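Novice:
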Amino acid sequence: MKMSRRAKRMQQHHARKNDRNASLNMVSLMDIFTILVFFLLVNATNAEVLPSPKNIRLPDSSSEKFPARNLVIAVNNENISLQGKTVISVESAMANQSKTIKPLFTALKELALTDDGITDKKGVTIMGDRNISYALLKKIMLTCAGAEYTNLSFAVNQKTTASES
Numbered sequence: 044m045k046m047s048r049r050a051k052r053m054q055q056h057h058a059r060k061n062d063r064n065a066s067l068n069m070v071s072l073m074d075i076f077t078i079l080v081f082f083l084l085v086n087a088t089n090a091e092v093l094p095s096p097k098n099i100r101l102p103d104s105s106s107e108k109f110p111a112r113n114l115v116i117a118v119n120n121e122n123i124s125l126q127g128k129t130v131i132s133v134e135s136a137m138a139n140q141s142k143t144i145k146p147l148f149t150a151l152k153e154l155a156l157t158d159d160g161i162t163d164k165k166g167v168t169i170m171g172d173r174n175i176s177y178a179l180l181k182k183i184m185l186t187c188a189g190a191e192y193t194n195l196s197f198a199v200n201q202k203t204t205a206s207e208s
């Protein structure tokens, strides 16, 4: 007796359902995971994250550039720190009539001699609280320039523009 198309289709369906040797092709799945891992590795190392001390409130800016790998000078209302180590108090730095800050100059020169790949170039990123005086900021910049750190950057909070939100 001749089987109808419907009967043949039902028979094939039941045969597929009872096939215990069915397997999953893992090759394409592994390719996708490999591409995903490479994508995450490339993008994870793209942005440099600066340390953010709790006692420093950075100014806002709409800057598009990411910070370079530089030495970090953190300035709050009380202390000036280089790479997380306190160098001098703000009060002492401002009390001195000199245009530069001697302890900061000395610390920068020492780091220049023992540079173990901390920086990309002779660069410094200044993380200054938004309330520090311009006179203090000028002294810090002159000190950096005197110690041959001429590539100066300022850390800011990136604020979103109206088109992004």
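According to this note's numbering, the stretch in the sequence shown is residues 44 to 208, in order. For every residue, glycine included, the Cβ atom is placed at its ideal position computed from N, Cα and C. A quick note: this is a predicted structure, and the numbers were derived from the prediction, not measured.
Look at I31 and I183 and say whether their C-beta atoms are less than 8 Å apart.
Specialist: No answer is possible for residue 31: it lies beyond the span of the chain, which begins at 44 and ends at 208.
Novice: Measure the C-alpha to C-alpha separation of V118 and T129 and round it to an integer number of angstroms.
Specialist: On the sequence shown, position 75 is the one that residue 118 refers to. On the sequence shown, position 86 is the one that residue 129 refers to. The straight-line gap from Cα to Cα measures roughly 10 Å.
Novice: So what does G127 bridge to, in DSSP terms?
Specialist: Residue mapping note: residue 127 aligns to position 84 of the sequence shown, counting from 1. DSSP lists no partner for G127.
Novice: Can you name, in chain order, every residue of its own chain whose Cβ lies under 6 Å from the Cβ of T186, other than the five neighbours on each side?
Specialist: Your numbering for residue 186 matches position 143 in the sequence shown. Closer than 6 Å at Cβ, skipping near neighbours: T143, I144, L147 and F148.
Novice: Could you pull out every unbroken alpha helix (DSSP H) segment of at least 4 residues lying fully inside the stretch 129–201, listed in chain order?
Specialist: Within the stretch 129–201, the complete alpha helix (DSSP H) runs of at least 4 residues are 133–138, 145–156 and 177–189.
Novice: Would you decide whether A136 is buried or exposed? Buried here means 16 or more other CB atoms lie within 10 Å of its CB.
Specialist: Taking the sequence shown and counting its residues from 1, the one referred to as residue 136 is at position 93. It counts as buried.
Novice: Can you tell me whether I116 is helix, strand or coil according to DSSP?
Specialist: The sequence position of residue 116 within the sequence shown is 73, counting from 1. Three-state DSSP puts I116 in a strand.
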